[in-house]
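J.:
Residue numbers (full-length UniProt numbering): 1 to 372.
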């Protein structure tokens, strides 16, 4: 049938062709349907895979939020192991540094204690040496001088009260006057007195006979041995002294004569004591001993903690060479400077030795400077 309502006549040839066309059309339709089914299946598979992956990722994200993801747990375990190792290393380093600090502290404490003991021992030795020097100096001064030799006891005048006569007016009480005491006038100051005493001690000879003759010359004779220093430096004035001189004429004259001789010997210890001996009555037996050799009166002294020897100053800690008549030459350092002696410390063994000024003056021991 056609579109206009007319029917076509039956044609056997055309009928065969139509059947073939129908078969081909069915086959093509089947192929098209198969292709369409395959495409749909692929799309469904892709969609399913996408959904599966999405669900997997969402599940991993949820596990990660809950901190239960395997990879997260592995990373956390690795970081925890590294943290433990780092903490262990830090603790070991801290313990090591503490041990080093404690060891250094103990070493410093031991060194400080050792230095303290050495300083204390050195200070003790220096103080002992200084005190021994002062003791010897005091004993020497005590043995060579007497301070109370020319002391004159002035007795007060005794007055007797007589009986009153009859019809005698009452005595008017006199004003009390202060008793006139003997005034002591120091003609020399302490430094000059010490200098004079040093000169006297230096001029003291070695032998006993020369010592007695020198003492005789210095004191101005046999009458001036007790007041050689006190009479040369002190002058007694006043009414009581004059009264004592009147009561004790001969004794006072003798002591004053010895005082004059002593003044001469102290001011010039190396001059002849002719004036002092003449004032004692012409006794001039000791005038020949007023001078001494330069070796005995060498200019060796200690002032302000320093030693003056051979026109050089030697101070504490200075390196020197020490030699003597009975000593071999050795190197030392001056460890202490006392009043009448110095202390040196040997460099090779640290042994200390005391050298007195008398040894240096007599040439028994000599010291020389040396380079460090």
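Cβ coordinates follow ideal geometry from the N, Cα and C atoms, glycine included.
(1) Could you give the DSSP three-state label for residue 341: helix, strand or coil?
(2) Find the nearest neighbour of residue 348 within the set 366, 319 and 326, judged by alpha-carbon distance.
(3) Can you give me the start and stop residues for the beta strand (DSSP E) that residue 353 sits inside?
(4) Would you mind working out which of 88, 197 and 99 sits nearest residue 145, comparing C-alpha positions?
(5) Could you tell me if residue 116 is buried or exposed, where buried requires 16 or more neighbouring beta carbons within 10 angstroms of its beta carbon?
(6) Give me the DSSP bridge partner(s) of residue 332.
(7) Buried or exposed for residue 129, please, with buried defined as at least 16 other CB atoms from any protein chain shown within 10 angstroms of its CB.
(8) Once the 5 residues before and after residue 70 are set aside, which same chain residues still bring their CB inside 7 Å of it?
(9) Do you know how far the Cα of residue 66 is from the Cα of residue 74?
(10) So for residue 312, helix, strand or coil by DSSP?
(11) Within the 7 Å Cβ cut-off, does residue 335 reach chain D?
(12) Within 10 angstroms of the Cβ of residue 96, are there 16 or more other Cβ atoms? Answer buried if so, exposed if not.
(13) Evaluate residue 39 with the Cβ neighbour count: other Cβ atoms within 10 Å of its Cβ, from every protein chain shown; 16 or more gives buried, anything less gives exposed.
(14) How is residue 266 classed by DSSP in three states: helix, strand or coil?
(15) Is it a yes or a no for the region 335-345 touching the region 125-142, going by three-plus beta-carbon pairs under 8 Å?
(16) Can you give me the Cβ contacts of residue 369 inside the same chain, cut-off strictly under 8 Å, excluding the 5 residues immediately before and after it?
(17) Rounded to the nearest angstrom, what separates residue 118 and residue 335 at their Cα positions?
(18) Taking only the alpha-carbon atoms, compute the straight-line gap between residue 352 and residue 345 and give it to the nearest angstrom.
(19) Since residue 309 and residue 367 should fall inside the 8 Å C-beta cutoff, what is the C-beta to C-beta distance between them, to a whole number of angstroms?
(20) What residues match up with residue 301 in a beta bridge as DSSP calls it?
(21) Between residue 325 and residue 364, is the Cβ-Cβ spacing less than 7 Å?
(22) Roughly how many whole angstroms lie between the Cα atoms of residue 41 and residue 54?
(23) Using the Cβ count rule (16 or more neighbours within 10 Å means buried), how would you classify residue 109?
T.: In terms of the structure at hand:
(1) DSSP places residue 341 in strand when its eight states are reduced to three.
(2) 319
(3) 352-356
(4) Distance from the Cα of residue 145 is smallest, within the candidate group 88, 197 and 99, for 197.
(5) exposed
(6) 320 and 346
(7) That one is buried.
(8) Closer than 7 Å at Cβ, skipping near neighbours: no residue.
(9) For residue 74 and residue 66, the distance between alpha carbons rounds to 15 Å.
(10) strand
(11) As a matter of chain content, chain D is missing from the structure shown, which is built from one protein chain.
(12) Exposed, since its Cβ has fewer than 16 Cβ neighbours within 10 Å.
(13) exposed
(14) Bear in mind that the predicted position of residue 266 carries a pLDDT of just 37, short of 50, making it unreliable; the figure below should be weighed with that in mind. DSSP places residue 266 in helix when its eight states are reduced to three.
(15) yes
(16) 312, 314, 318, 319, 320 and 321
(17) 13 Å
(18) Their backbone Cα atoms lie some 4 Å apart in a straight line.
(19) 7 Å
(20) 308
(21) Yes, the Cβ-Cβ distance between residue 325 and residue 364 is below 7 Å.
(22) 19 Å
(23) exposed
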